[in-house]
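Data block below; observations after.
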Amino acid sequence: MLYLSRKLSFSAMHSYRIEHWTEEQNEAIFGPCANKNGHGHDYTLEVMVKGNLDSHSGIVVNITDIDKVAKAFVEENLNGKFLNKENDFFKENIPTTENLVSYIWNALDGKLENCQLHKIRLRESDFLYSEKENSPMVRLTRKYHFSTAHRLHSNQLTDEENLDIFGKCNNPYGHGHNYYLEVTLSGEQDPVTGMIADLAKMDQIVDREILQKFDHKHLNLDTEEFKELNPTSENVAVVIWQLLAPKLPKLFKIGLYETEKNYFEYYGPGVEEDGE
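Counting in my numbering, the sequence shown runs from 1048 upward without gaps.
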């Protein structure tokens, strides 16, 4: 089985509102997204398919065949639209990122020839995206940033062993990174709000449990979590999971960019990568 992905883009506007709610109720749940006049995004849509390799052509499916189906659907139903007013589905359903990715999945699933739809990823911005596979579950990823310093040094190794393993990262004074943290939740959309989580509450939890503790700190010297624990990015990812899991019951994955070249993922004990 081979997997291939095609990236598309479109622009759309929407509003998060429940009309029989008061303004105060809408703003409490949806924040600025409740503006009745709408707001917009430049979306990036990634369509991943899977299939068997054709021994004659050397391909699974012609990319143009994916474009014919996916682009035509996007152009007709999403691109350049005020979704709440111009799309029949979203006249009745709030066009959250989670609802959008499910809507696109349901529209494309079974419509592509010579391949199967494997995953849909919809990026609303650089800091928020949603994913859907062949499961009732939808995943929502929020991206955060913090700057911190650390020294890679294990108390269970000799000084020579630490220097041999970590090299310049074992510098006694430490060094620093701009970390980018991705927090992924998995669940079914609320039938009323169309969301799997309250983003405002999620942001508050991540800010309190992670950013306030680690941002502009020296992990080895300024935090309780790493006074005795070597602050490798692997350990940082695990500690972040441990701090967030009790507060975010739908937590699915932690993704941590130490640099553009170094990325780490942690799913936590008992969490399968397919979310089931």
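Glycine is no exception: its CB is placed at the ideal position from the N, C-alpha and C atoms. Bear in mind the structure is a predicted one, so any value in this text is a computation, not a measurement.
Going by the DSSP bridge assignment, what does residue i pair with across the sheet?
i     : result
G1234 : V1185
L1266 : Answer is none; L1266 lacks a bridge partner.
D1089 : S1058
K1179 : I1167, V1185
S1194 : N1225
So residue i packs on residue j, CB below 8 Å; how close in whole Å?
i     : j     : result
N1131 : G1241 : About 12 Å; that fails the 8 Å criterion.
D1101 : E1160 : So it is not a contact: roughly 12 Å between Cβ atoms.
G1098 : Q1163 : 6 Å
V1286 : E1272 : 5 Å
K1158 : L1055 : Between L1055 and K1158 the Cβ distance is about 15 Å, and since that is not below 8 Å, they are no contact.
E1256 : L1291 : 6 Å
Y1090 : L1204 : Wrong, their Cβ atoms sit about 47 Å apart, outside the cutoff.
F1261 : F1193 : 5 Å
V1094 : I1167 : 6 Å
Give the DSSP-derived three-state secondary structure of residue i in the structure shown.
i     : result
C1162 : coil
N992  : Since the displayed the chain opens at 1048 and closes at 1323, residue 992 lies outside it and no answer follows.
Y1326 : Here the chain comprises residues numbered 1048 to 1323, so residue 1326 is not present and cannot be evaluated.
G1302 : strand
Y1314 : coil
S1172 : strand
E1208 : helix
D1321 : With a pLDDT of only 48 at D1321, under 50, the local geometry of the prediction cannot be trusted, and the value read off the model is given with reservation. Looking at D1321 - three-state DSSP - the assignment turns out to be coil, as it is neither helix nor strand.
R1064 : coil
D1037 : The requested residue 1037 does not occur in the structure, where the chain is confined to residues 1048 to 1323.
Q1344 : Residue 1344 lies beyond the stretch modelled for the chain, which goes from 1048 to 1323, so this question has no answer here.
E1307 : coil
Tell me which same chain residues have a C-beta within less than 6 Å of the C-beta of residue i, skipping the five on either side of it?
i     : result
T1231 : R1186, T1188, F1299, K1300
Y1313 : A1284, V1285, W1288, I1301
Beta-carbon within less than 8 Å of residue i's beta-carbon, same chain only, minus the 5 sequence neighbours each way: which residues are those?
i     : result
N1134 : N1124, L1125, K1128, P1142
C1216 : R1198, L1199, H1222
D1173 : K1190
D1321 : A caution first: D1321 carries a pLDDT of 48, below 50, which makes its placement in the model unreliable, though a value can still be read off. The answer, listed in chain order, is E1180, S1182.
E1323 : Low confidence applies here, because E1323 scores a pLDDT of 43, under 50, leaving its location unreliable; read the following figure in that light. For E1323, where only same-chain residues beyond five positions count, the Cβ hits under 8 Å are S1182, M1184.
S1149 : K1179, V1185, Q1236
Apart from the five residues just before and just after residue i, which ones in its own chain have a Cβ nearer than 7 Å to its Cβ?
i     : result
D1156 : L1164
N1082 : S1062
With 8 Å as the threshold, decide whether the Cβ of residue i is near any Cβ in chain D.
i     : result
D1173 : Of the protein chains in the structure, only one exists, and it is not chain D.
_alpha helix (DSSP H) runs contained entirely in the stretch 1066–1131, provided each spans 4 or more residues_ = Fully enclosed alpha helix (DSSP H) runs of 4 or longer: 1070–1077, 1110–1124.
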